[in-house]
Amino acid sequence: MIGLEIRKVTVVGAGLMGHGIAEVFALNGFEVTLEDAFPEALNKARKSIETSIDRMIKSGKIKQENRDGILGRLAYSSELEKASSEADLVIEAVPEIMDLKKDVLSKVSSSCRADTIIGTNTSNFRISDLADSVKGPDRFIGIHFFNPPVVLKLVEVIKGDSTSNSVFEQIFGLMKELGKVPIRVFKDSPGFVVNRINAPESLFFCLVIDKQIAKPEEVDHFARSNGLPMGPYELMDYVGIDTVVHSLDYYKKSLSPDYGKCHAFHDLYNRSELGLKTGKGFYVWKDGKAQIPPAEPTTKLDLMDILAVEINEAAKIVEEGIALPDDIETGVKLGMNRPFGPVSVASGLTNSEIMAKINSVHERMGLDVFKPAKSIESGKLREIFAKKELASAEVPASAAESPVTEQPKQASAYETLQLSREGKVAILELRNQKLNLINAKVVEDLERAVEEISSDREIVVAVLRGSNGIFSAGAELSQFFSSVADFMNFSRRGQTVFKKIQDSPKIFISQMEGYALGGGFELSLSCDIRFATEDVQIGFPELQRGILPGWTGTQRLAKLIGMSRASFLILSSERINGKQAHDLGIVSRVFPKDTVGKETMDFARKLSEEVAPVAAYLAKVSINRGSETPMDSGLWTEAISMGLLYGTEDIKEGVGAFLQKRKPEFKGK
Ligand SMILES: NC(=O)c1ccc[n+]([C@@H]2O[C@H](COP(=O)([O-])OP(=O)(O)OC[C@H]3O[C@@H](n4cnc5c(N)ncnc54)[C@H](O)[C@@H]3O)[C@@H](O)[C@H]2O)c1
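Position in the sequence shown (from 1) plus 71 gives the number in the working numbering.
Printed below as a string of C-alpha cells:
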C-alpha cells in the first residue's frame, strides 16, 4: 500500500521553490529534510527560511515561541539517498531540465521505501514523461506549487497516466491540510492548467514583437493602463527570458510546432539578455526595477485579444478532459493573481463575440494554435464551461483501479431544477419529485438559475416548465416554520425570487400543464407569457388551507385580469382549465397536451431569433413599471426607453434589415 500517513517530507533541490515548499511543510508541523547537491544552496535556503519566519513573527502571523519548533523541524542534507530513505513523501524541485529530473527521480525511487509517495514540482513537463525513471510510477504525481510557495495558495495536483487515484486524492487532501487551494489536473498536458493557458499568450506577445505590431513599452503601458499590475514583457523579464524560452521549446515538441515559430525571445536568450537576473532583457533593470521607457499605450492591441486567447485555451483544456472549468477559473485567479479568470470573462460574452475575437487573432498571427477551440466553433462554449464533472469517457483509465475518497463537485448545479440551453433559449425545468412542489430549496435554486439566465448574454427567451406532465402543484406545506416571522419571511423570500423573473431582461414563457396551483400558479404569473394545455388545472386553493396566495398572487393576478375576476378566483378557490384561463386573459395560447411542449419551444425559438433583446427588456420594464405607476410616469418610462434604444446597434440593424427586406441579426447591443 502506497502512502500511509505522511509525517516526514523530503524536498530535493533547495532553490527558489524547494526552500519555500520545505518552509510550508515545517510551518504546518511536518518533519522536513531539505536536500541539495550544493552546500551553498543549502546555506542560502536556511537563511531565506529564517528571514521569512522572522518576518512572519514581526507581522504577527506566527508567535515568537513557535520559532524554534518550526526551525527545529527542518533538517538540511547533501545526501540524496539517505534523505529519501527516511521520507513518507519526497518532492523533487531541481531545475527544469528533463534529464536532470529523471536522474534525481531514479535515485530517489531506488532509495526510498516502496510506499513513499514521490512528487515533482515541474512547471511544464508531463508527469508521464518523467514517470519512466520512477520505480513504481503509480506513486508518482505532480505537485505544482506557485512562487512564492509560502504566499501563493494555489497548488496544481497533477495525475500522470500511471498515478493511482488513491495517491491523487491523498495529495489533494494533504494540500488542503497545508492551507493551500489545490486544483485537480486529471491529465498531464504540458503546462497543466495555468502555464498551459500562459503558453499561447507568451507566443502571442513574442509575435507582437516579431511582426512589429507594437513595442514592448507600448504594450506594457497599455497593460498597466488597463489595471494590470505588470505588463507582459516586464513580467517575462522578471520571470527570466531563459525560463520562457525553455518552456516554448518544450511546448514546441509537446504541444504544437507553432511554439517554435517566433524569434524575439530567442534573440534575447542568444544574447544572454535574460531580464532581471542579468540586468537586461526587454528592459534594463536597476535596483530590482525595470526601466521602462515612456511611451504611448499601443492602440494596436485590445485587452479582449488576450482574454480571447485565454478563453480559447481554457476551452481546449476542458475539451481534452484536463481540468474542470471551476478549477481553471481558480487556477488563473490564484496563479496569475487576477480578480477574474477566463471562465467568468466568457460568461459575460456571447459565443459569437468570442469566436469573432479569436478568429481575428488567428488571422493576424497566422498560426494554428490560435484557431478557435472545437466548442467555440460549434457554439457550445457555454455548455463546456458549465461542466461540473468529467464524463466517464474522459476519466483516465487508472481511475477505475482504486476507490476515490473524495469526488469532484456534484454533476448538477441545481438539486431541484434542470437548466439547459438551446441556441438563444434557456429551458428551466422544475424537477422536484412528482408534483414539483415548491419548497425553500426550490426557491433557492430558482433564484440562482434565474440569475444565471439573466446574466447570460446569449439567451433571449427562457421557457419555464415542469416535468412528468405537471408544472407545479404549489408550495410544499409540510415544511416547519417556528414563528409568524418565519412564515412571513418565507412569503417575502418567494416574492423576491419570483419578482426576479419579472425583472429579468429575458422574456420568460411559462408552459402550464397538469397542475398550476397555488405557488405554481404564482410562478407562472411572474412570467411574461403563459401557454397552457387545454386540461391544465389552474387555481388558488390557499384559502381552503387557511393561508392566502403569498408569493405575489394577490397582486399579480388582480393586475392581470382585474380585481373582480381575481377576487373571485382567490376567494372561491375554484379551479379553471386552460381554455377558461385563456378566456380570462391569463394565458395567451392553449394547446393539446401532447403538443404543448413542441409548440412552446417552437414559439420560444422563433421569438429568440426575431426580437431585439434590449428592446424586449425595455418593453418588459415599461409594461411592468407602467402597471404600478400613474399613466404619465409609465409614459415617461416608455419614452425614455425609446430614447435609450435610439443609441443601440440593434436599432440600426432592425431598421436597416426592414428597409433591405432581410432578416435582422440582433446582437443585444
Ligand atoms: N521559479 C518559479 O517561479 C517556479 C514556479 C513553479 C515551479 N517551478 C519549478 O520548480 C523547479 C525548481 O525551480 P526553482 O526556480 O526553484 O529552481 P532553482 O534553480 O532556484 O533551484 C533548483 C535547486 O536545485 C538544486 N539542484 C540542482 N541539481 C541538483 C541535484 N542533482 N540534486 C539536488 N539538488 C540539485 C540547485 O542547487 C538549486 O538549489 C523547476 O522544475 C521549476 O520549473 C519554478
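Think of the CB as a built atom: it goes at the ideal place given N, C-alpha and C, for glycine as much as any other residue.
{"Item": "Burial state of D170 (16 or more Cβ within 10 Å)", "Value": "exposed"}
{"Item": "Closest Cα partner of E227 within the set G262, H317 and V534", "Value": "G262"}
{"Item": "Three-state secondary structure (DSSP) of L706", "Value": "helix"}
{"Item": "Residue span of the beta strand (DSSP E) that contains A603, given as start and end", "Value": "I600 to T604"}
{"Item": "Ordered list of beta strand (DSSP E) runs contained in the stretch 567-601, each at least 3 residues", "Value": "578-583 and 586-588"}
{"Item": "is_contact[R267, chain B] using C-beta, thresh 9 Å", "Value": "This model lacks chain B altogether; it includes just one protein chain."}
{"Item": "Bridge-paired residues (DSSP) for T81", "Value": "T104 and V161"}
{"Item": "Rounded straight-line distance, which links the Cα of T623 to that of T666", "Value": "30 Å"}
{"Item": "Close Cβ partners of K480 (< 6 Å) along its chain, the five nearest in sequence each way excluded", "Value": "Residue placement at K480 cannot be trusted, given a pLDDT of 35 that sits under 50; the coordinates are not used to answer."}
{"Item": "Check: D308 C-beta below 8 Å from any heavy atom of ligand 1", "Value": "no"}
{"Item": "Near ligand 1: D174 beta-carbon under 8 Å from a heavy atom", "Value": "yes"}
{"Item": "Cβ separation of S199 and G231, assumed to be a contact under 8 Å, to the nearest whole Å", "Value": "4 Å"}
{"Item": "Residues near L405 in its chain [Cβ-Cβ closer than 8 Å; skip 5 each side]", "Value": "F217, L223, K224, L225 and V252"}
{"Item": "Reduced DSSP secondary structure (H/G/I, E/B, other) of F216", "Value": "strand"}
{"Item": "Assigned secondary structure, S638 (DSSP; H/G/I helix, E/B strand, else coil)", "Value": "helix"}
{"Item": "Segments assigned alpha helix (DSSP H), at least 4 residues, entirely inside the stretch 249-314", "Value": "265-281, 287-296 and 303-310"}
{"Item": "Reduced DSSP secondary structure (H/G/I, E/B, other) of K324", "Value": "helix"}
{"Item": "Any non-hydrogen atom of ligand 1 closer than 8 Å to V165 Cβ", "Value": "yes"}
{"Item": "Residues that K134 bridges to, as DSSP identifies them", "Value": "DSSP output for K134 lists no bridge partner at all."}
{"Item": "Candidates N297, L339 and A112, of which the one nearest D373 by Cα", "Value": "N297"}
{"Item": "Contacts around E670, its chain only, beta-carbon distance under 6 Å, and the 5 residues preceding and following it disregarded", "Value": "F662"}
{"Item": "Beta-carbon separation (whole angstroms), A270 vs Y330, contact threshold 8 Å", "Value": "7 Å"}
{"Item": "Best match in V165, D703 and R696 for proximity to L151 [C-alpha to C-alpha]", "Value": "V165"}
{"Item": "S194 Cβ short of 8 Å to ligand 1 heavy atom set", "Value": "yes"}
{"Item": "C-beta contact flag for A158 and T122 at 9 Å", "Value": "no"}
{"Item": "CB contact flag (V238, R210, <9 Å)", "Value": "yes"}
{"Item": "Nearest candidate by alpha-carbon position, reference S712, set E547, R636, V658 and V692", "Value": "V692"}
{"Item": "Own chain, CB closer than 7 Å to K348, minus 5 neighbours either side, in chain order", "Value": "G311"}
{"Item": "Helix, strand or coil at S491 according to DSSP, with G and I counted as helix", "Value": "strand"}
{"Item": "Counterpart residues of L501 in DSSP-defined beta bridges", "Value": "L488"}
{"Item": "Per-residue DSSP class, three states only, for V466", "Value": "With a pLDDT of only 47 at V466, under 50, the local geometry of the prediction cannot be trusted, and no value is derived from it."}
{"Item": "Option in N430, E381, A394 and S423 with minimal Cα separation from R409", "Value": "E381"}
{"Item": "Proximity winner among G244, K495, N195 and P368, relative to L319 (alpha-carbon distances)", "Value": "N195"}
{"Item": "Rounded straight-line distance, which links the Cα of I425 to that of E384", "Value": "12 Å"}
{"Item": "Residue from L461, K664, G617 and K134 whose Cα sits closest to the Cα of L98", "Value": "K134"}
{"Item": "Boundaries (first-last residue) of the beta strand (DSSP E) holding E19", "Value": "No answer is possible for residue 19: it lies beyond the span of the chain, which begins at 72 and ends at 740."}
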